[in-house]
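Encoded as structure tokens, the structure appears first; notes follow it.
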Amino acid sequence: MSALHWFEIPVTDIERATKFYGTILDTEIPIVDMTEQMGSMLGMLPDRGGVGGALVQNTQYGYVPSQAGTLVYLQLGDTDLNLAVEKVAATGGQVLLPKTALGENGYCAWILDPEGNRVGLYATQ
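43 is the number that the numbering used here gives to position 20 of the sequence shown; each next residue is one higher, with no gaps.
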């Protein structure tokens with residue numbers, strides 16, 4: 024069992040964020056309205072057989088996008104990481120660390136999303 028269960032990436036504009044991450048991850052990101060229960064709008068990220076997570080727009084509980092703190096890596100699987108990195112600037116983000124080899128462990132990159140979050144991307148290619 025993984026020590027991690029769930030992660031949340033704070034956003035200020037759920038529509039913009041789901042469009043950005045949908046493009047980077049090459050998937051549709053559904054928006055779930057949880058305003059009645061938690062005061063949140065959630066963009067449900069695909070778990071791809073691992074830890075699940077969401078983009079969260081919520082001002083009630085102090086959700087603030089940030090470049091500081093925990094760095095979450097999103098799994099791109101066997102997609103060429105360069106393809107995702109090329110989409111970052113075109114969709115309003117910024118590349119902080121270009122595709123970097125991790126030896127036989129794959130590749131990573133760091134991006135700054137349009138919301139102001141520093142996020143890692145991981146792929147085997």
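By construction, the Cβ of each residue, glycine as well, lies at the ideal position given by its N, Cα and C atoms. Source: prediction; values computed, not measured.
- Residue ILE37 holds the alpha-carbon nearest to the alpha-carbon of ILE54 among PRO33, GLN98, ILE37.
- According to the DSSP assignment, LEU120 belongs to the beta strand (DSSP E) that extends over 117–124.
- Of the residues ALA26, ILE52, PHE43, the one whose Cα lies closest to the Cα of MET67 is ILE52.
- The C-beta separation of VAL34 from VAL79 comes to about 7 Å, placing the pair in contact by the 8 Å criterion.
- Taken in chain order, the whole alpha helix (DSSP H) runs of length 4 or more contained in the segment 35–64 are 37–48.
- DSSP places GLU31 within a strand segment (E or B) once states are collapsed to three.
- Measuring C-alpha to C-alpha distances from ALA91 to each of PRO69, LYS122, THR123, ILE134 identifies ILE134 as the nearest.
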